[in-house]
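Numbering (our numbering), first residue to last: 2 to 169.
Below: the structure, in structure tokens.
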């Protein structure tokens, strides 16, 4: 039995509920999430993981372990582990890809020139092309002349500035 996302971003209220559910779920594990890899070993953080979970998962087949990110649980697992996996899978962002041309009519995806694309693998190049087109479309629709990208890397900022400037 695989879980499915029970949240939505159709309204601001629904989005906030989803964010709060994620924060509530993650909060008890913050010490693991915020730890550096070296701390996992030096501070023996693995000892904080439920012993029944560890024993159960050690005996599990690789095939079953690979199903965990999809929300698939096994009947013989401890109830707390099943609940954890199912809750986690209910919080994930749906993997169904939207038809961007339908959502953003007239979306123009332009490939970066060779200077901007230098050092990018195909995946990164595709992500930059699509995200830049979406940002440009939204900016044009709301008549924004400035887009602020907080936390972006230097290359991402430069590329988005380029794309937004060519679409005005």
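Where is the CB? At the ideal position from N, CA and C, for every residue including glycine.
**Report entry** Inter-residue spacing [alpha-carbon to alpha-carbon] between residue 127 and residue 145
**Finding:** Against the chain shown, residue 127 aligns to sequence position 126. Against the chain shown, residue 145 aligns to sequence position 144. The alpha-carbon atoms of residue 127 and residue 145 are separated by roughly 24 Å.
Query raised in the report: Expressed to the nearest angstrom, what Euclidean distance is found between the alpha-carbon atoms of residue 79 and residue 137?
Result: In the chain shown, residue 79 corresponds to position 78, counting from 1. In the chain shown, residue 137 corresponds to position 136, counting from 1. Cα atoms of residue 79 and residue 137: separation of roughly 48 Å, rounded to the nearest angstrom.
Report task. Ignoring anything shorter than 4 residues or poking outside the region 104 to 155, list the alpha helix (DSSP H) runs there in chain order. Result -> Whole alpha helix (DSSP H) segments, 4+ residues: 115 to 118 and 123 to 142.
Requested in this report: Taking the CB atoms as reference points, tell me whether residue 90 and residue 72 lie closer together than 7 Å.
Outcome: For this step, residue 90 is matched to residue 89 along the chain shown. For this step, residue 72 is matched to residue 71 along the chain shown. In contact: residue 90 and residue 72 (Cβ atoms closer than 7 Å).
Query raised in the report: What are the complete alpha helix (DSSP H) segments, minimum 4 residues, inside the region 9 to 56?
Result: Runs of the alpha helix (DSSP H) inside the region 9 to 56: 13 to 27, 31 to 34 and 38 to 43.
Query raised in the report: Are there 16 or more other CB atoms within 10 angstroms of the CB of residue 169, so buried, or fewer, so exposed?
Result: Along the chain shown, read from residue 1 onward, the residue named residue 169 stands at position 168. A caution first: residue 169 carries a pLDDT of 46, below 50, which makes its placement in the model unreliable, though a value can still be read off. By the neighbour-count rule (16 or more Cβ atoms within 10 Å), residue 169 is not buried but exposed.
Requested in this report: Check residue 71 in the structure and name its three-state DSSP category.
Outcome: Within the chain shown, numbered from 1, the residue matching residue 71 stands at position 70. Three-state DSSP puts residue 71 in a helix.
Query - Beta-carbon proximity of residue 92 to residue 42, cut-off 7 Å - result: Position 91 of the chain shown holds residue 92. Position 41 of the chain shown holds residue 42. Residue 92 places its beta carbon 7 Å or farther from that of residue 42.
Query raised in the report: What are the boundary residues of the alpha helix (DSSP H) that includes residue 100?
Result: Locating residue 100 in the chain shown gives position 99, counting from the first residue. It is not in any alpha helix (DSSP H) - residue 100 carries neither H nor E in the DSSP assignment.
Query raised in the report: Using the beta-carbon count (16 or more within 10 Å), is residue 62 buried or exposed?
Result: Along the chain shown, read from residue 1 onward, the residue named residue 62 stands at position 61. The residue is exposed, with fewer than 16 neighbouring Cβ atoms inside 10 Å.
Query raised in the report: In angstroms, rounded to a whole number, what distance separates the CA positions of residue 13 and residue 141?
Result: Position 12 of the chain shown holds residue 13. Position 140 of the chain shown holds residue 141. Their Cα atoms are separated by approximately 22 Å.
Query - CA nearest to the CA of residue 9, picked from 95, 129 and 133 - result: Here residue 9 refers to the residue found at position 8 of the chain shown. Comparing Cα-Cα distances from residue 9 to each of 95, 129 and 133, the minimum goes to 95.
Query - Separation of residue 7 from residue 24, as counted between CA atoms - result: Position 23 of the chain shown holds residue 24. Position 6 of the chain shown holds residue 7. Each residue's Cα considered, the two are about 15 Å apart.
Query raised in the report: Nearest to residue 44 by alpha carbon, out of 52, 51 and 33?
Result: Along the chain shown, one-based indexing puts residue 44 at 43. Nearest option by C-alpha distance: 33.
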